[in-house]
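In what follows, a single structure is set out as structure tokens and then discussed.
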DNA sequence: CAATGTGATGTTATAAGATTACATCCTATG
DNA sequence: CATAGGATGTAATCTTATAACATCACATTG
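Residue numbers (our numbering), protein chains in the order written: chain S, 31 to 171; chain U, 31 to 171.
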């Protein structure tokens with residue numbers, strides 16, 4: 031096996047296709063989660079018409095680690111780490127009022143989830159951790 | 031304020047309506063998560079015809095703590111605690127192969143999520159923690 | 001009893017999220 | 001050139017969830 035068998039997220043960067051760039055661009059400009067259909071609405075001017083065009087781009091972007099999917103919102107958000115180097119995001123803090131999303135990295139949590147999974151008899155594959163509430167600004171208002 | 035203003039989940043039990051009982055019954059017999067539409071299919075013989083009848087029952091059952099919603103599956107599962115006394119389920123271990131679901135209670139995790147939320151500037155309301163992987167049986171097979 | 005309020009129900013239609021199936025196009029590589 | 005793989009375009013469909021509106025059952029109270 032040579033280096034070119036490495037997964038994309040192991041590499042410095044990945045060349046995005048036109049559709050992938052468009053979708054990522056919309057998410058980056060938005061500073062918050064968007065549904066696939068909301069992304070589509072933003073991109074009709076650029077010639078995208080079908081949900082599948084968005085979902086295909088999102089699939090790749092998630093695979094590359096440039097976009098995260100928020101399961102509890104059925105929505106997607108751009109990764110907040112500039113070059114998307116290995117960052118180990120493991121949880122999200124979501125403001126239910128203003129929709130701001132903060133990525134959380136925490137090795138202790140990661141370890142604890144592994145431990146809990148083991149205790150529950152589960153060989154952990156992926157974990158979904160989404161914390162929901164009100165951000166400081168919204169709580170103050 | 032008198033005692034009768036207490037929330038249902040503070041009480042010993044709640045009288046379920048016909049539809050709520052039917053929906054809970056299906057979930058309890060199934061030993062695994064079901065989508066609202068799968069529940070509906072099971073209950074057509076009993077006269078239920080519309081998704082909304084299921085969703086309304088599910089809303090109440092979730093409110094009463096007798097059913098949990100699994101965000102990453104868009105599905106629902108009966109609470110595994112018999113009388114549904116206060117149990118503090120905070121996470122779920124989900125086998126992606128056989129769909130078995132194990133409820134997890136862990137005070138340390140609860141505290142850590144509170145802590146992380148605080149660090150992220152979030153006043154925590156609810157948390158979604160769903161661990162996905164393969165259960166021991168499925169991993170062995 | 002009549003009037004009223006509240007919560008549950010029934011029904012139709014539709015919104016929102018996601019995938020299947022199939023045809024086509026581009027492009028690197030032999 | 002041939003062609004194989006990945007990316008794209010398009011239509012149709014499937015799954016999940018809610019809106020809108022009418023009605024019913026039952027308890028309270030005037």
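We put the CB at the ideal spot given by N, CA and C, even for glycine.
Quantities reported herein were computed from a predicted structural model and do not represent experimental measurements.
Comparing the C-beta of residue i with each C-beta of chain U, is any distance below 8 Å?
i	result
residue 140 of chain S	no
residue 86 of chain S	no
residue 136 of chain S	yes
Quick one: what does DSSP say residue i is sitting in, helix, strand or coil?
i	result
residue 34 of chain S	Only weak support is given to the placement of residue 34 of chain S: the predicted model assigns it a pLDDT of 33, under 50, and the question is left unresolved by the model.
residue 156 of chain U	strand
residue 131 of chain S	strand
residue 137 of chain U	helix
residue 120 of chain U	coil
residue 96 of chain S	coil
residue 22 of chain S	Since the first residue shown for chain S is 31 and the last is 171, residue 22 of chain S is missing from the structure and cannot be characterised.
residue 54 of chain U	helix
residue 125 of chain S	strand
residue 150 of chain S	coil
residue 170 of chain S	helix
residue 143 of chain U	helix
Taking only beta-carbon positions, decide if residue i is within less than 8 Å of chain S.
i	result
residue 119 of chain U	no
residue 143 of chain U	yes
residue 93 of chain U	no
residue 65 of chain U	no
residue 110 of chain U	no
residue 127 of chain U	no
residue 97 of chain U	no
residue 80 of chain U	no
For residue i, which residues in chain S fall below 8 Å Cβ to Cβ?
i	result
residue 132 of chain U	150, 151, 152
residue 163 of chain U	147, 152, 153, 154, 155, 156
residue 171 of chain U	Simply none; closest approach about 12 Å.
Please report the distance separating the alpha-carbon of residue i from that of residue j.
i	j	result
residue 77 of chain S	residue 149 of chain U	42 Å
residue 165 of chain U	residue 57 of chain S	35 Å
residue 63 of chain U	residue 79 of chain S	34 Å
residue 74 of chain S	residue 48 of chain S	14 Å
residue 140 of chain U	residue 100 of chain U	18 Å
residue 143 of chain S	residue 160 of chain U	10 Å
residue 102 of chain U	residue 109 of chain U	17 Å
residue 54 of chain U	residue 111 of chain U	13 Å
residue 86 of chain S	residue 46 of chain U	44 Å
residue 44 of chain U	residue 106 of chain S	38 Å
residue 65 of chain S	residue 132 of chain S	17 Å
residue 167 of chain S	residue 118 of chain U	29 Å
residue 51 of chain U	residue 91 of chain S	43 Å
residue 93 of chain S	residue 95 of chain U	35 Å
residue 162 of chain S	residue 59 of chain U	31 Å
residue 67 of chain U	residue 83 of chain S	27 Å
Run down chain S in chain order and give the residues with a C-beta less than 9 Å from the C-beta of residue i.
i	result
residue 123 of chain U	146, 147, 149, 150, 151, 152, 154
residue 166 of chain U	151, 152, 153
residue 107 of chain U	By Cβ distance, chain S contributes nothing, its closest Cβ being about 14 Å from residue 107 of chain U, past 9 Å.
What residues from chain U crowd round residue i, counting only those whose CB sits closer than 7 Å?
i	result
residue 55 of chain S	What residue 55 of chain S touches in chain U: nothing, since even the nearest Cβ is about 26 Å away.
Sorry if obvious, but does the Cβ on residue i come closer than 7 Å to a heavy atom of the ligand FMN?
i	result
residue 153 of chain U	For the ligand FMN, the structure offers nothing, since it holds no ligand at all.
Can you name the residues of chain U whose CB is closer than 9 Å to the CB of residue i?
i	result
residue 72 of chain S	Per Cβ cutoff of 9 Å: no residues; residue 72 of chain S is ~25 Å from chain U at best.
residue 68 of chain S	What residue 68 of chain S touches in chain U: nothing, since even the nearest Cβ is about 19 Å away.
Just the chain S side, please: which residues come within less than 7 Å of residue i by C-beta, in chain order?
i	result
residue 102 of chain U	101, 158
Decide if the segment 121-141 of chain S is in contact with the segment 148-160 of chain U; the criterion is three or more beta carbon pairs, one per stretch, under 8 Å apart.
They touch, by the three-pair rule.
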